[in-house]
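*Asks:* In our numbering, the protein residues as written are 1 to 450.
Built from N, CA and C at the ideal position, the CB exists for glycine as well.
This structure is a prediction, so every number in the text was calculated from the model and none was measured.
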Ligand SMILES: [Zn+2]
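1. Can we count residue 118 as close to ligand 1, meaning its CB is less than 8 Å from some heavy atom?
2. Answer yes if the segment 431-449 comes into contact with the segment 208-220, meaning at least three C-beta pairs across the two stretches below 8 Å, and no otherwise.
3. Give me the Cα-Cα distance between residue 395 and residue 58, rounded to the nearest whole angstrom.
4. To the nearest angstrom, how far is it from the Cα of residue 203 to the Cα of residue 244?
5. Cβ of residue 421 within 8 Å of any heavy atom in ligand 1?
6. Cβ of residue 193 within 9 Å of Cβ of residue 353?
7. Closer than 7 Å by C-beta to residue 186: which residues in its own chain qualify, once you throw out the five before and the five after it? Chain order, please.
8. Provide the residue span of the beta strand (DSSP E) that contains residue 82, from first to last.
9. Can you round the beta-carbon distance between residue 18 and residue 137 to whole angstroms, since I take them to be within the 8 Å contact cut?
10. Quick one: what's got a C-beta closer than 6 Å to residue 397's C-beta in the same chain, skipping five residues either side?
11. Have a look at the DSSP bridge pairing and note the partners of residue 51.
12. Could you give the distance in angstroms between the alpha-carbon of residue 349 and the alpha-carbon of residue 163?
13. Among 376, 263, 289, 297, whose alpha-carbon lies nearest the alpha-carbon of residue 250?
14. Take every Cβ of the segment 227-241, pair it with every Cβ of the segment 359-373, and state whether three or more of those distances are shorter than 8 Å.
15. Could you pull out every unbroken alpha helix (DSSP H) segment of at least 4 residues lying fully inside the segment 77-142, listed in chain order?
16. For residue 182, collect the residues of the same chain with a Cβ closer than 6 Å to its Cβ; drop the 5 residues on either side in sequence, then sort them by chain order.
17. For a quick check, are the C-beta atoms of residue 68 and residue 142 less than 9 Å apart?
18. Is it the case that the CB of residue 148 approaches a heavy atom of ligand 1 more closely than 8 Å?
19. By how many angstroms is the C-alpha of residue 199 removed from the C-alpha of residue 355?
20. When the Cα atoms are used, what is the spatial distance from residue 357 to residue 1?
21. Would residue 175 and residue 377 qualify as a contact pair, given that the criterion is a beta-carbon distance under 9 Å?
22. Kindly indicate which residue of 246, 64, 228, 177 has the alpha-carbon position closest to the one of residue 165.
23. Please state if the CB of residue 266 and the CB of residue 283 are separated by a distance shorter than 9 Å.
Spelled out as structure tokens, the structure:
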């Protein structure tokens, strides 16, 4: 039996528990309320009938909440829910209509930081498991929860946690921490995430800024850096670093088929950002393919000299650029860094200092994995329809899960596309929380039957 009725008749309790979670601040960037929130989540799991404990790595690292409930059925497969209990900072405060940690319910919306990202998603997983335990007294498959507290600051330690607790976290499939629902109420079943390489490149020419009349003699580091950056990619966005794409495989026929089916409203997208055309004049399928599978070399910031009001003639002593590269499957961040460094040297820019902040590989679950069909059909049943997405254009630590646990990983969830996550007036929609909780019940059912 799938406890759909229980979900329907216990929505008030779900909302109340979500409000309780929102009311406990847990800002990882400021280490505010982290320990308290971990404890609260542990208590909530236990209240729902799930065994729970707090795991630790070392001092200064946010605790991880682990939860587990075994099925009475022998040889059951194990489904793992990955979520996070930390939230983004709430600033700017004056743009919130309600206090950021109020959890106020207005009609179909629950407002507050973390209401959608990720406490709303977390509550749907907890309540789906609870629904089974409170009705059937058992779960259709073994369940594990891995709930971290540093996702919003970049999941710096999730890989170390996965390595340390590899046996404890062993499973057969992972449900990712979020999932978007589009403006037509269609959930997006996501099979992958891009990777990310974040670097800072800098040039120092003189020990201090100089009078700009001396530009006849003193080299300008801003020019130097611009010249170097210009060699990294062409104006169509293609990266010119030697062997950058060497390990990348083209889309399979099946992937292309799915990409072509994915809805993408070019005009409203352009309107949203006030732009007239896309990079390299991409249109139609090419724009969709780019979102799913193109690597990028993006200038995130460029600083040098005087940028205040009015005019100031100055010859800057140094220049600095921050660049983020989105990586696609098979691109190894370590190899790519070496390729970038080799490129700079071979182009005569060995004086440019490269500092690496972050390297994370892309991840993609195979389309023909049975888990994909299970999640997709659960989403179709609960929402009426759903969209399959080969890869999200963004980045998350999905590779760490696939690499360490060796299992497929799929994102599905309750986050409305315009739920203002990371912004003031973030909200979760009650209708979507309900549908997602049911969807998770259905996934557990299908996964247990396999
Ligand atoms: Zn977030």
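*Replies:* Inspection of the coordinates gives the following:
1. yes
2. Inter-segment contact for the segment 208-220 and the segment 431-449 is absent: fewer than three beta-carbon pairs are separated by less than 8 Å.
3. One C-alpha to the other measures close to 26 Å.
4. 23 Å
5. Yes.
6. no
7. Closer than 7 Å at the Cβ level, and outside the excluded window around residue 186, lie 383, 385, 386, 387.
8. Start and end: 78-84.
9. That pair is no contact at about 25 Å.
10. 155, 158
11. 68
12. C-alpha separation (whole angstroms): 38 Å.
13. 289
14. no
15. 119-135
16. 417
17. For the pair residue 68 and residue 142, the CB atoms are nearer than the 9 Å cut-off.
18. no
19. Approximately 6 Å between the Cα atoms of the pair.
20. 49 Å
21. no
22. 64
23. yes
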